[in-house]
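Engineer:
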Amino acid sequence: ETIYVDDRTIDSHIKRMRRKFRVFDKDFDCIETLYGVGYRYRDV
Numbered sequence: 940e941t942i943y944v945d946d947r948t949i950d951s952h953i954k955r956m957r958r959k960f961r962v963f964d965k966d967f968d969c970i971e972t973l974y975g976v977g978y979r980y981r982d983v
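Counting along the sequence shown from 1, when you hit position 44 you're at 983 in this note's numbering, and nothing is skipped either side.
And the structure:
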């Protein structure tokens, strides 16, 4: 079985997670994008 992982795979997952969190909290912004580094969960 061949598994293909695109460069944008993580971005797609983060986007979906943000969308799911915003269903419950319209102001959700705890996942930060760090340009050139990745992502960080910001504790409130």
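For each residue, glycine too, the CB sits at the ideal point set by N, CA and C.
Which value, in whole angstroms, describes the spacing of the CA atoms of Y980 and I953?
Structural biologist: Distance between the alpha carbons of Y980 and I953: 11 angstroms.
Engineer: Reducing DSSP to helix, strand and coil, say where R961 ends up.
Structural biologist: The answer is helix: DSSP assigns R961 an H, G or I state.
Engineer: Could you pull the DSSP bridge partners for G977 from this structure?
Structural biologist: L973.
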